[in-house]
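Data first, discussion second: the structure below is written as structure tokens.
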Amino acid sequence: MEFKDYYAVLGVARDASADEIKKAYRKLARKYHPDVSSEADAAQRMSEVNEAYAVLSDPEKRAAYDRLAQAHRSGQAFTPPPDWDAGFEFHGAPEGMDAAEFSDFFSTLFGHMAGARAAGRRPHRGAPGRGEDHHAKVVLDLEDAWRGGTRTLTLQVPQLDEHGHLRLRNRTLEVRIPAGVRPGQMIRLAGQGGAGDPPGDLYLEVVVRPHPRYRLEGKTLITDLPLAPWEAALGAVVPVALPDGSTLKVRVPAGSQGGQTLTVRGKGLPAREPGDLELQLRVILPSAYDPRAKALYERMAAELTDFDARKVAAAEAERSR
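Take a look at the structure:
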């Protein structure tokens with residue numbers, strides 16, 4: 106997928122005002138609208154113009170797009186960075202916008218937004234003056250998602266100033282994070298959405314930042330468990346560090362092999378029904394540069410002459426068929 110320069114499509118500067126963007130769009134629409142244009146590629150060009158205008162005429166989409174555009178050029182091979190739109194506060198989608206009408210580039214960046222916002226909004230009968238619900242994506246460290254607690258979060262709210270230029274206003278909130286909140290879960294902040302009587306709500310979609318030692322799949326916490334060869338072979342009780350800083354004692358069965366998974370029920374992400382902890386066993390061999398280890402390896406090689414690792418692995422693979 107190639108990066109699209111929407112400013113170049115409309116022929117406007119990156120600091121163009123909302124009025125300048127609208128004028129450029131109208132001029133190009135008169136030129137390329139299929140009902141009046143004699144250009145051979147009028148339909149394609151009109152689609153590109155509509156797509157660019159759908160982004161640049163919306164302060165929220167434009168602000169998020171501008172963040173990406175700082176590091177990408179038109180035509181450059183492009184894959185959106187994870188959670189590229191985190192930290193922006195969004196509200197309702199533009200009237201008539203349909204991601205299916207536009208390119209894969211647009212759909213990849215913005216196609217999910219209308220659906221996510223619609224899912225966050227619920228009808229409120231009898232409250233015609235109620236403010237619109239807003240939503241934002243927030244990125245948490247795994248430790249914060251695990252423990253919960255009150256956190257200070259800052260959202261960027263895109264707005265147009267009196268001259269129609271895009272500006273970002275910071276909004277700081279004190280948010281109570283429920284212990285064990287999962288990626289994709291929504292935290293609802295009542296009355297923190299759009300102005301109205303009563304105000305709308307703000308929905309925070311949780312993203313958990315990648316961790317060097319752990320990963321989450323739903324409520325399941327997955328991590329490596331390094332073992333010494335004798336711990337795997339003879340069995341042992343070994344400590345496992347959890348994201349909240351606590352330590353869990355886990356019994357490793359005798360005869361364990363590297364690559365196996367040991368599951369500890371109920372010790373994953375905290376919840377009313379906690380997830381499981383999956384430990385992927387890694388057997389770490391002592392270095393043969395250590396003379397003591399080298400001597401033991403040589404002794405094993407001399408005494409265990411009937412052990413053939415390839416045959417054992419082949420037999421295990423055959424049993425698992």
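Numbering (this note's numbering), first residue to last: 106 to 426. Where a beta carbon is used, it is the ideal one built from N, C-alpha and C, also for glycine. A quick note: this is a predicted structure, and the numbers were derived from the prediction, not measured.
Range covered by the alpha helix (DSSP H) that runs through residue i
i, result
"ARG252", "247-252"
"LYS399", "396-408"
"VAL114", "111-115"
"LEU339", "334-339"
Reduced DSSP secondary structure (H/G/I, E/B, other) of residue i
i, result
"ASP329", "strand"
"THR257", "strand"
"THR368", "strand"
"VAL141", "coil"
"GLN149", "helix"
"ALA224", "In this prediction, ALA224 scores a pLDDT of 39, lower than 50, which makes its location untrustworthy; no coordinate-derived value is stated."
"ALA393", "coil"
"ALA376", "coil"
"ALA359", "coil"
"ASP411", "coil"
"ARG167", "helix"
"ALA123", "helix"
"ALA182", "strand"
"ASP209", "helix"
"ALA129", "helix"
"GLY216", "helix"
"TRP189", "coil"
Selection from the options that minimises the alpha carbon distance to residue i
i, options, result
"GLY393", "ARG387, ILE292, MET405, GLU383", "It should be noted that the sequence gives Ala, not Gly, for residue 393. Measuring from the Cα of ALA393, the nearest candidate turns out to be MET405."
"PRO139", "SER425, THR410, GLU153", "GLU153"
"HIS270", "PRO164, TYR130, GLU156", "PRO164"
"GLY363", "ILE389, ALA422, PRO304, VAL244", "ILE389"
"GLY296", "ARG256, GLU237, ARG178, GLY253", "GLU237"
"HIS177", "TYR111, ALA148, ALA145, ARG424", "TYR111"
"ARG318", "PRO288, ASP306, VAL369, LEU384", "LEU384"
"HIS316", "ASP329, LEU307, GLU310", "ASP329"
"GLY299", "ARG150, HIS268, LEU307", "LEU307"
"ALA147", "TYR158, ALA134, GLU156", "ALA134"
"ALA53", "ALA419, MET106, LEU247, LYS132", "Residue coverage of the chain in this structure runs from 106 to 426, which leaves residue 53 outside it and unanswerable."
"LEU332", "PRO358, PRO348, ARG276, SER142", "PRO358"
"LYS242", "GLN290, LYS416, LEU265, PRO263", "GLN290"
"VAL114", "VAL160, ALA145, GLU144", "VAL160"
"ASN155", "ARG356, SER208, THR259", "SER208"
"ASP190", "VAL280, VAL262, THR255, TRP335", "VAL262"
"ILE327", "VAL286, GLY373, GLY305", "GLY373"
"ASP451", "GLU279, GLN149, ALA414, GLY285", "As shown, the chain starts at 106 and ends at 426. That puts residue 451 outside it, with no answer to give."
"TRP251", "PRO375, ASP381, GLU125", "PRO375"
"ALA398", "THR255, PRO288, TRP335", "TRP335"
Beta-ladder partner(s) of residue i, from DSSP
i, result
"ALA346", "THR352"
"PRO263", "LEU273"
"HIS239", "LEU307"
"GLN175", "The partner list for GLN175 (beta bridge, DSSP) is empty, contrary to what the question assumes."
"GLU194", "ALA241"
"ARG135", "According to DSSP, ARG135 bridges with nothing at all."
"TYR158", "TYR158 pairs with nothing; no bridge assigned."
"TYR319", "THR328"
"LEU386", "LEU330"
Range of the contiguous beta strand (DSSP E) that encloses residue i
i, result
"ILE101", "Any question about residue 101 goes unanswered here, given that the chain covers just 106 to 426."
"ARG415", "Note, ARG415: premise wrong, no beta strand (DSSP E); alpha helix (DSSP H) at 414-424."
"GLU107", "Where GLU107 is concerned, there is no enclosing beta strand (DSSP E), given that its DSSP letter is neither H nor E."
- Where in the segment 286-315 do unbroken runs of the beta strand (DSSP E), each at least 3 residues long, occur, reported from the N-terminal end onward? 291-294, 307-313
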